[in-house]
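Numbering (the numbering used here), first residue to last: -19 to 122.
Positions of the beta carbon are idealized from the N, C-alpha and C atoms, including for glycine.
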Amino acid sequence: MYQRIVVGTDGSERARAAVDHAAALAAATGASLHLVQGCGSAIVVSPLYGEAVGIDPAELVVACKTELQPLVDELSARGLDVSLHVVPTAGRDALCSVADEVDADLIVVGNRGMTGVKRLLGSVPNAVAHHANCSVLIADTD
-19 MYQRIVVGTD GSERARAAVD HAAALAAATG ASLHLVQGCG SAIVVSPLYG EAVGIDPAEL
41 VVACKTELQP LVDELSARGL DVSLHVVPTA GRDALCSVAD EVDADLIVVG NRGMTGVKRL
101 LGSVPNAVAH HANCSVLIAD TD
């Protein structure tokens, strides 16, 4: 049924619920699992000077990969074929571009932002559902 499943993560509990859902589907279907972390530009305010300081994008990508490697190792230990994609964009663009790149059959996203004001203003799950070139499963991560 599925051969390549893409799921986004930001390291949060809710994202982990979406990853677990995608991992269960991958295990059941024999699909490869592609974890996506979008790392847009990072700006922090220096506590010493009170100025905005940019973080080198290459350093940010390395930090994201380092943070997610234990999750990749855990999923791989369960026998899943897992790839990690850390991309310099965020949200919908990150998920949809990786899905297109790997020719995904399915993108799994959590339902965060699907209610209230975010639903009206736009959320990642809503945007992915409208722009993906493959099927999208919105998992209940509450």
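- For the pair A119 and A11, the CB atoms are not nearer than the 8 angstroms cut-off.
- Counting along the chain, R(-16) sits inside the beta strand (DSSP E) bounded by residues -16 to -12.
- In this structure V62 does not touch V16 by the C-beta definition: roughly 12 angstroms separates them, more than the 8 angstroms allowed.
- Spanning the alpha carbons of I(-15) and A2 requires a straight line of approximately 7 angstroms.
- N106 sits buried, since 16 or more C-beta atoms from the chains shown fall within 10 Å of its C-beta.
- Secondary structure of G71 (DSSP, three-state): helix.
- For S77, the secondary structure class from DSSP, reduced to helix, strand or coil, is helix.
- Short of 6 angstroms from the beta carbon of K45, and not among the five residues preceding or following it, lie these beta carbons of its own chain, in chain order: V66.
- About 5 angstroms separates the beta carbons of L75 and V108, which is inside the 8 angstroms limit, making them a contact pair.
- Pairing L48 with L13 gives a Cβ-Cβ distance that is not under 8 angstroms.
- Excluding five sequence positions before and after A112, the CB atoms of its chain that fall closer than 7 angstroms to its own CB belong to C76, A79, I87, given in chain order.
- For A3, the enclosing alpha helix (DSSP H) covers residues -7 to 9.
- Taking the C-beta atoms as reference points, C114 is found nearer than 8 angstroms to D85.
- From the listed residues L5, G(-9), D122, the smallest Cα separation to C19 is found for G(-9).
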